[in-house]
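Data block below; observations after.
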Amino acid sequence: MHPLLFTKDNTGCEQVMAALEECHAKGFVWKAVGMCNNNKKQLIACLREERIRNQNLNRTDVQDKRSKIREMWKEIDENS
């Protein structure tokens, strides 16, 4: 399993992660037969949604910062 699953960034997927952990706790044979595959697919989908959401938030933050910097440089150029 991915080492960074239980972090503050993945709080939206905690239930899915717990379900996968419960499935894995049932034993090796249970995992080997593929009984945990649906849980794993759900977890991958959930983590993907979380990653996309975080990327969008980061993108908007960067755009805001860049626009502020552009405004500062524009003000500096006007006052020079």
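Using our numbering, read the sequence shown as starting at 1358 and increasing by one per residue. Yeah, the Cβ is synthetic: ideal placement off N, Cα and C, and Gly gets one too.
Under three-state DSSP, which class holds residue i?
i	result
Gly1369	helix
Lys1388	helix
Met1358	Low local confidence applies: a pLDDT of 49 at Met1358 is under 50, so the model's placement there is unreliable, with the coordinate-based value given in what follows. Here Met1358 sits in coil by DSSP.
Hey, could you find the ends of the alpha helix (DSSP H) residue i is sitting in?
i	result
Met1429	Asn1394 to Asn1436
Going by C-alpha to C-alpha distance, which of the options sits closest to residue i?
i	options	result
Leu1377	Cys1393, Asp1366 and Phe1385	Cys1393
Val1373	Ile1433, Lys1398, Asp1434 and Thr1417	Lys1398
Leu1400	Asn1436, Ser1424 and Cys1370	Cys1370
Lys1365	Gly1384, Lys1388 and Glu1407	Glu1407
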